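In my numbering, the protein residues as written are 990 to 1182. The C-beta atom is built at its ideal place from N, Cα and C for all residues, glycine as well. All of these numbers come straight from a predicted model, not from anything done at the bench.
Pasting the structure below:
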(Lines of atoms letter the chains of each structure in order from A and count residues from 1; the text may use other names and numbers.)
(Lines give C-alpha, C1' and ligand atoms only; values in the text may rest on other atoms or scores of the structure.)
Protein backbone atom coordinates (compact mmCIF):
# COMPACT_ATOMS: atom_id res chain seq x y z
CA UNK A 1 0.00 0.00 0.00
CA UNK A 2 2.87 2.41 0.76
CA UNK A 3 4.37 1.79 -2.67
CA UNK A 4 1.12 2.82 -4.33
CA UNK A 5 0.96 6.01 -2.26
CA UNK A 6 4.57 6.89 -3.09
CA UNK A 7 3.87 6.25 -6.77
CA UNK A 8 0.92 8.61 -6.74
CA UNK A 9 2.87 11.41 -5.13
CA UNK A 10 5.82 10.98 -7.48
CA UNK A 11 3.76 10.63 -10.64
CA UNK A 12 2.10 14.01 -10.19
CA UNK A 13 5.57 15.44 -10.73
CA UNK A 14 6.20 13.29 -13.81
CA UNK A 15 5.86 15.00 -17.19
CA UNK A 16 2.88 14.08 -19.37
CA UNK A 17 3.07 11.36 -21.96
CA UNK A 18 3.02 13.61 -25.03
CA UNK A 19 1.50 12.50 -28.32
CA UNK A 20 0.53 16.01 -29.42
CA UNK A 21 1.00 17.19 -33.02
CA UNK A 22 1.49 13.64 -34.32
CA UNK A 23 -1.33 13.53 -36.89
CA UNK A 24 -2.95 10.69 -34.96
CA UNK A 25 -6.41 9.71 -36.24
CA UNK A 26 -6.84 6.42 -34.35
CA UNK A 27 -5.84 5.70 -30.76
CA UNK A 28 -4.31 2.38 -31.83
CA UNK A 29 -1.58 4.47 -33.51
CA UNK A 30 -0.29 5.37 -30.04
CA UNK A 31 1.06 1.85 -29.68
CA UNK A 32 3.46 2.31 -32.61
CA UNK A 33 4.09 6.05 -32.35
CA UNK A 34 6.92 7.42 -30.20
CA UNK A 35 5.85 10.07 -27.70
CA UNK A 36 7.40 13.51 -28.05
CA UNK A 37 10.54 13.90 -25.97
CA UNK A 38 10.31 16.34 -23.09
CA UNK A 39 12.85 18.16 -20.98
CA UNK A 40 12.60 15.40 -18.41
CA UNK A 41 12.20 11.75 -19.44
CA UNK A 42 9.25 9.76 -18.13
CA UNK A 43 10.23 6.79 -16.02
CA UNK A 44 9.17 3.30 -17.06
CA UNK A 45 7.88 0.53 -14.82
CA UNK A 46 9.53 -2.88 -14.75
CA UNK A 47 6.85 -3.95 -17.23
CA UNK A 48 7.87 -1.19 -19.65
CA UNK A 49 4.83 1.02 -19.10
CA UNK A 50 5.03 4.74 -18.43
CA UNK A 51 4.85 6.06 -14.86
CA UNK A 52 2.79 9.20 -15.34
CA UNK A 53 -0.74 10.38 -14.65
CA UNK A 54 -1.01 12.83 -17.54
CA UNK A 55 -1.40 12.37 -21.29
CA UNK A 56 -1.40 14.87 -24.14
CA UNK A 57 -3.31 13.92 -27.26
CA UNK A 58 -3.93 17.48 -28.43
CA UNK A 59 -3.61 18.82 -31.96
CA UNK A 60 -4.33 15.54 -33.73
CA UNK A 61 -7.29 14.40 -35.84
CA UNK A 62 -9.10 12.12 -33.39
CA UNK A 63 -12.86 11.92 -33.91
CA UNK A 64 -13.55 9.09 -31.46
CA UNK A 65 -11.97 7.45 -28.42
CA UNK A 66 -12.49 3.81 -29.36
CA UNK A 67 -10.31 1.53 -27.20
CA UNK A 68 -9.13 4.44 -25.01
CA UNK A 69 -9.15 2.30 -21.85
CA UNK A 70 -7.33 -0.60 -23.53
CA UNK A 71 -4.68 1.68 -25.01
CA UNK A 72 -4.13 3.47 -21.68
CA UNK A 73 -3.74 0.08 -19.96
CA UNK A 74 -1.00 -0.83 -22.45
CA UNK A 75 0.82 2.50 -22.17
CA UNK A 76 0.49 3.40 -18.47
CA UNK A 77 1.43 1.40 -15.40
CA UNK A 78 -1.55 2.77 -13.45
CA UNK A 79 -4.14 3.93 -15.99
CA UNK A 80 -6.83 4.20 -13.32
CA UNK A 81 -4.82 7.06 -11.78
CA UNK A 82 -5.03 9.32 -14.84
CA UNK A 83 -5.17 12.86 -13.50
CA UNK A 84 -4.90 15.05 -16.61
CA UNK A 85 -6.01 14.44 -20.22
CA UNK A 86 -5.51 16.94 -23.03
CA UNK A 87 -7.72 16.17 -26.03
CA UNK A 88 -7.87 19.75 -27.30
CA UNK A 89 -7.83 20.62 -30.99
CA UNK A 90 -9.11 17.33 -32.35
CA UNK A 91 -12.40 16.54 -34.12
CA UNK A 92 -14.34 14.98 -31.23
CA UNK A 93 -18.12 15.46 -31.71
CA UNK A 94 -19.08 14.17 -28.23
CA UNK A 95 -17.64 13.74 -24.76
CA UNK A 96 -16.96 10.03 -24.86
CA UNK A 97 -18.37 8.16 -21.83
CA UNK A 98 -15.05 6.31 -21.47
CA UNK A 99 -13.64 9.45 -19.82
CA UNK A 100 -16.13 9.06 -16.98
CA UNK A 101 -14.45 5.87 -15.82
CA UNK A 102 -11.38 7.81 -14.67
CA UNK A 103 -12.53 8.96 -11.24
CA UNK A 104 -9.18 10.59 -10.44
CA UNK A 105 -9.44 12.84 -13.49
CA UNK A 106 -8.73 16.38 -12.33
CA UNK A 107 -8.02 18.31 -15.56
CA UNK A 108 -9.76 17.71 -18.88
CA UNK A 109 -9.01 19.81 -21.95
CA UNK A 110 -11.57 19.48 -24.73
CA UNK A 111 -11.35 22.95 -26.31
CA UNK A 112 -11.19 23.28 -30.07
CA UNK A 113 -13.23 20.17 -30.91
CA UNK A 114 -16.68 19.70 -32.51
CA UNK A 115 -18.89 19.22 -29.43
CA UNK A 116 -22.33 20.67 -30.20
CA UNK A 117 -24.73 19.89 -27.35
CA UNK A 118 -24.70 21.15 -23.76
CA UNK A 119 -26.15 17.82 -22.65
CA UNK A 120 -22.73 16.27 -23.35
CA UNK A 121 -21.48 18.01 -20.19
CA UNK A 122 -23.93 15.94 -18.11
CA UNK A 123 -21.71 12.90 -18.62
CA UNK A 124 -18.93 14.53 -16.60
CA UNK A 125 -21.09 14.98 -13.49
CA UNK A 126 -19.93 11.56 -12.23
CA UNK A 127 -16.32 12.76 -11.91
CA UNK A 128 -16.04 13.99 -8.32
CA UNK A 129 -12.42 15.17 -8.65
CA UNK A 130 -12.77 17.14 -11.88
CA UNK A 131 -11.53 20.65 -11.11
CA UNK A 132 -10.55 22.08 -14.48
CA UNK A 133 -12.41 21.80 -17.78
CA UNK A 134 -12.01 23.55 -21.13
CA UNK A 135 -14.70 23.50 -23.80
CA UNK A 136 -14.29 26.84 -25.59
CA UNK A 137 -13.83 26.71 -29.34
CA UNK A 138 -16.56 24.06 -29.67
CA UNK A 139 -19.95 24.84 -31.28
CA UNK A 140 -21.50 24.27 -27.82
CA UNK A 141 -19.93 27.55 -26.71
CA UNK A 142 -22.58 29.42 -28.72
CA UNK A 143 -25.46 27.88 -26.73
CA UNK A 144 -27.45 30.26 -24.54
CA UNK A 145 -26.45 29.88 -20.89
CA UNK A 146 -23.28 27.94 -21.81
CA UNK A 147 -21.14 28.96 -18.82
CA UNK A 148 -23.99 28.83 -16.31
CA UNK A 149 -25.12 25.41 -17.52
CA UNK A 150 -21.62 23.93 -17.22
CA UNK A 151 -21.01 25.43 -13.77
CA UNK A 152 -24.40 24.32 -12.46
CA UNK A 153 -23.81 20.79 -13.78
CA UNK A 154 -20.22 20.63 -12.48
CA UNK A 155 -20.20 22.76 -9.30
CA UNK A 156 -16.86 21.31 -8.19
CA UNK A 157 -14.95 23.08 -11.01
CA UNK A 158 -12.32 25.60 -9.91
CA UNK A 159 -11.44 26.70 -13.45
CA UNK A 160 -13.51 26.62 -16.60
CA UNK A 161 -12.20 27.61 -20.02
CA UNK A 162 -8.95 28.77 -18.40
CA UNK A 163 -10.79 31.24 -16.13
CA UNK A 164 -11.15 30.88 -12.39
CA UNK A 165 -14.67 30.18 -11.18
CA UNK A 166 -15.75 33.04 -8.91
CA UNK A 167 -18.41 33.26 -6.21
CA UNK A 168 -20.46 35.36 -8.62
CA UNK A 169 -20.16 32.62 -11.27
CA UNK A 170 -21.44 30.06 -8.77
CA UNK A 171 -24.30 32.31 -7.69
CA UNK A 172 -25.28 33.03 -11.30
CA UNK A 173 -25.13 29.31 -12.14
CA UNK A 174 -27.35 28.44 -9.16
CA UNK A 175 -29.93 31.06 -10.17
CA UNK A 176 -29.77 29.95 -13.79
CA UNK A 177 -30.34 26.33 -12.77
CA UNK A 178 -33.40 27.20 -10.67
CA UNK A 179 -34.86 29.21 -13.54
CA UNK A 180 -34.13 26.73 -16.33
CA UNK A 181 -34.28 23.23 -14.91
CA UNK A 182 -37.64 22.32 -13.52
CA UNK A 183 -38.05 19.42 -11.11
CA UNK A 184 -39.16 16.16 -12.73
CA UNK A 185 -42.30 16.03 -10.58
CA UNK A 186 -43.55 19.31 -12.04
CA UNK A 187 -42.86 18.11 -15.58
CA UNK A 188 -44.86 14.91 -15.02
CA UNK A 189 -47.85 16.79 -13.67
CA UNK A 190 -47.90 19.11 -16.65
CA UNK A 191 -47.64 16.18 -19.05
CA UNK A 192 -50.76 14.61 -17.52
CA UNK A 193 -52.93 17.66 -18.28
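Positions of the alpha helix (DSSP H) runs, each at least 4 residues long and wholly inside the segment 1114–1147, are given as 1135–1142 in order along the chain. Contact between residue 1116 and residue 1148 is ruled out by a C-beta separation of about 15 Å, above the 8 Å threshold.
Three or more Cβ pairs drawn from the segment 1005–1024 and the segment 1052–1070 lie within less than 8 Å of each other, which places the two stretches in contact. Nearest C-alpha to residue 1092 among 1048, 1009, 1027 and 1119: 1119. Distances from the CA of residue 1069 to each of 1040, 1049, 1048 and 1055 were compared; the closest alpha carbon is that of 1040. For residue 1075, the uninterrupted beta strand (DSSP E) run begins and ends at 1073–1075, by DSSP. For residue 1066, same chain residues with a beta-carbon under 6 Å away, outside a window of 5 residues either side, are 1034, 1038 and 1040 in chain order. Separation of the CB atoms of residue 1135 and residue 1107 is rounded to 7 Å, and the pair is thereby assigned contact status at 8 Å.
With respect to the 8 Å criterion, residue 1048 and residue 1080 are not classified as neighbours on the basis of their beta carbons. Of the residues 1096, 1054, 1027 and 1056, the one whose Cα lies closest to the Cα of residue 1072 is 1096. For the pair residue 1127 and residue 1139, the Cα-to-Cα distance works out to about 13 Å. By the 16-neighbour rule on beta-carbons within 10 angstroms, residue 1151 is exposed.
Excluding its 5 nearest sequence neighbours in each direction, residue 1087 has C-beta neighbours in its own chain below 7 Å: 1054, 1057 and 1058, listed in chain order.
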